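Below: the structure, in structure tokens.
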Amino acid sequence: MNNLTIIKHPLIQHKLTYLRDKRTDHMQFRLLVKELTSFMLYEVMADYPLKEVEIETPLMPAKSQVLAREISLVLILRAGLGMLDGLLALVPEARVGHIGLYRNEETLEPVQYYAKLPKTIAETDVIVVDPMLATGGSAATAAEIVKKAGAKNIKFVCIVAAPEGVSKLTQSHPDVAIYAAALDVRLNDHGYILPGLGDAGDRLFGTK
Ligand code: PRP
Ligand code: URA
Numbered sequence: 075m076n077n078l079t080i081i082k083h084p085l086i087q088h089k090l091t092y093l094r095d096k097r098t099d100h101m102q103f104r105l106l107v108k109e110l111t112s113f114m115l116y117e118v119m120a121d122y123p124l125k126e127v128e129i130e131t132p133l134m135p136a137k138s139q140v141l142a143r144e145i146s147l148v149l150i151l152r153a154g155l156g157m158l159d160g161l162l163a164l165v166p167e168a169r170v171g172h173i174g175l176y177r178n179e180e181t182l183e184p185v186q187y188y189a190k191l192p193k194t195i196a197e198t199d200v201i202v203v204d205p206m207l208a209t210g211g212s213a214a215t216a217a218e219i220v221k222k223a224g225a226k227n228i229k230f231v232c233i234v235a236a237p238e239g240v241s242k243l244t245q246s247h248p249d250v251a252i253y254a255a256a257l258d259v260r261l262n263d264h265g266y267i268l269p270g271l272g273d274a275g276d277r278l279f280g281t282k
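Below is the structure:
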């Protein structure tokens, strides 16, 4: 699973424990997803390329550095929405795309109902987010959609990954780097990650 990086920072692992806990209500869950996502993005961007610019401080001209490329954040609806605030806290200048997918409960195949991506996506680095990488069907479909729109440099950031999802995404898109806070054990018969954290969308939005 060469494409996979597990982000092991102690604060991320600490917060993940509360996220998994069934006693965590939707308000706390939402806050934890936001915080965790910020910490994760900080690590994901640790080797992001910089370019030199010339500025003037109040005292003199100076050479300094800024991010070399624009970033497009692409959220897989619904649960990816919960990660947006945590991402924008670090890269407020990013453009944001949305891809609407839900899993057919029987086949577990993703069904697309929406897509709106930044027009300039081909010239940007793309970070696709969804808290859960289960069978990998949703992430692989999202990667296909952003590639069709011209994206070349793509990262996928999730909170919990299943081995099945990592294999599927790696096989269908070997060029996509995957980041997760945890690689869990396996999927159950309904395609839920074990031990996982349950249904991320329902826990975020209090819909169950
Ligand atoms: C969940 C989750 C991912 C998908 C992961 O969404 O947020 O998008 O399942 O599963 P996969 O790797 O097997 O494709 P869901 O389909 O429950 O839709 P929702 O976010 O609208 O609730
Ligand atoms: N989607 C979720 O929200 N949770 C899982 O465990 C699998 C898919």
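When you line the sequence shown up against this note's numbering, it's residues 75 to 282, in that order.
Where a beta carbon is used, it is the ideal one built from N, C-alpha and C, also for glycine.
Note that the structure is a prediction, hence the values are computed from the model and not measured.
Distance check for residue j and residue i, CA to CA, integer angstroms please.
i, j, result
"residue 174", "residue 130", "44 Å"
"residue 236", "residue 141", "32 Å"
"residue 222", "residue 133", "48 Å"
"residue 145", "residue 234", "23 Å"
"residue 103", "residue 137", "42 Å"
"residue 139", "residue 257", "35 Å"
Identify which residue in the options has its Cα closest to the Cα of residue i.
i, options, result
"residue 205", "93, 223, 189", "93"
"residue 83", "111, 239, 226, 138", "111"
"residue 213", "95, 135, 246", "246"
"residue 113", "216, 77, 231", "231"
"residue 191", "122, 201, 220", "220"
When we look at the beta-carbon of residue i and count the other beta-carbons within 10 Å, is it buried (16 or more) or exposed?
i, result
"residue 153", "buried"
"residue 264", "exposed"
"residue 277", "buried"
"residue 187", "exposed"
"residue 124", "exposed"
"residue 280", "exposed"
How about residue i: is its C-beta nearer than 8 Å to some C-beta of chain C?
i, result
"residue 97", "Absent here is chain C; the protein component of the structure consists of one chain."
Round the Cβ separation of residue i and residue j to the nearest angstrom and send it over; I've been treating them as touching at under 8 Å.
i, j, result
"residue 171", "residue 185", "Actually they do not touch by this definition, with Cβ atoms about 18 Å apart."
- Jot down the residue ranges of each uninterrupted beta strand (DSSP E) in the stretch 85–153, minimum 3 residues, whole runs only, in chain order. 124–130, 135–141, 145–151
- Query: Enumerated in chain order, which unbroken segments of the beta strand (DSSP E) with a length of 3 residues or greater are wholly contained in the stretch 160–207?
  - Reply: 169–177, 184–190, 199–203
- Task: Run through the stretch 211–242 for me and flag every whole beta strand (DSSP E) of 3 or more residues, listed as ranges in chain order.
- Result: With a minimum length of 3 residues, the unbroken runs of beta strand (DSSP E) contained wholly in the stretch 211–242 fall at 228–231.
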